[in-house]
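This report refers to the structure that appears directly beneath it.
Written as structure tokens, this is what we have:
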């Protein structure tokens, strides 16, 4: 793992709000064998195990926070400690109490309030849990939403995908929202989405959406009535022009898109305006090897450019070091 950017003078780190935005050189390569930095000890609910890790968030210090779908909890794994994680929200069984979660799908850290914001999907709500020690329950920020993906911009507005209404909403410090993508029924038109999952928002407030069941990633410029296809959109498949049920997404400062291509068990990179992507890791079939995945979910990078992937059915988080 590279812990210094001194080797890479052309890739300045840019810290802003709840993403670490980085310039990743166009010719960057990653180790093809991943290292397990969380889980990997079989399916279970011990603190060294996962059951279906889904969304993940990488903090400045390379601590990884994971929405663990199958165990109804949020886990924190500190950088350097690959033996045990810590339950930081939920973990009290599936339920709708404020001390419980139900199949959480996404999590982020809100620095301003030193809290976790969680998509508590099974309960149809967004909740906030303080990161202060002794916290035993959360508070509801937004309810009655079929949430799946979650992100935040520099104004601390929340962006949430709704998989039933096939839309993405922006909430500005309250329960009133603005529609920022979709909302025109389920479909594959440029104004439509079909099961939108993971989200990313850039500095211009353009929203990137994993349009899962359309096998594409869409970019909606702020105020636009239609999106732009930035990856896939050529039907489901494994060609370099195609995706299969994309999940986690990340966009660097150059506008290069990184996609967890779930059905193809690979991570792809799509440069701006490209008609096809390149495979950066995976693509070696479904399996539990260090160069394989068994259903990819969340995806992120740390400030050094190392890649993190939630490997859902292998019950682990894999890190691929930038070379």
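Numbering (the working numbering), first residue to last: 347 to 669.
Even for Gly, the Cβ is constructed at its ideal location relative to N, Cα and C.
All values derive from a computational prediction rather than experimental measurement.
The beta strand (DSSP E) enclosing residue i, as first and last residue numbers
i	result
residue 596	592-597
residue 486	485-489
residue 403	399-404
residue 447	No beta strand (DSSP E) holds residue 447; DSSP gives it neither H nor E.
residue 441	Neither: residue 441 is in no beta strand (DSSP E) and is coded neither H nor E.
Residues bridged to residue i [DSSP beta-bridge criterion]
i	result
residue 413	420
residue 370	Note: residue 370 sits in no beta bridge, so no partner.
residue 456	461
residue 435	420
residue 713	No statement about residue 713 is possible, as the shown extent of the chain runs from 347 to 669 and does not include it.
residue 653	647 and 666
residue 492	According to DSSP, residue 492 bridges with nothing at all.
Coil, strand or helix - residue i by DSSP
i	result
residue 519	coil
residue 467	helix
residue 659	helix
residue 508	strand
residue 513	strand
residue 587	coil
residue 385	strand
residue 380	coil
residue 527	strand
residue 428	coil
residue 497	strand
Nearest to residue i (by Cα), restricted to the options the options
i	options	result
residue 418	652, 392 and 466	466
residue 458	529, 503, 480 and 572	503
residue 415	424, 453 and 590	453
residue 328	368, 428 and 367	One cannot answer for residue 328 here, as it falls past the ends of the chain, which runs 347 to 669.
residue 488	469, 639, 477 and 476	469
residue 508	556, 411, 652 and 590	556
residue 567	367, 553, 495 and 620	553
residue 399	431, 377, 573 and 371	431
Review point. If you scan the stretch 604-644 from start to end, which runs of the alpha helix (DSSP H) of 4 or more residues do you find wholly inside it?
Key: none
Check your understanding: Taking the runs of the beta strand (DSSP E) that are 3 residues or longer, which of them lie wholly in the stretch 529-585?
Key -> 542-547, 553-557, 562-566 and 574-578
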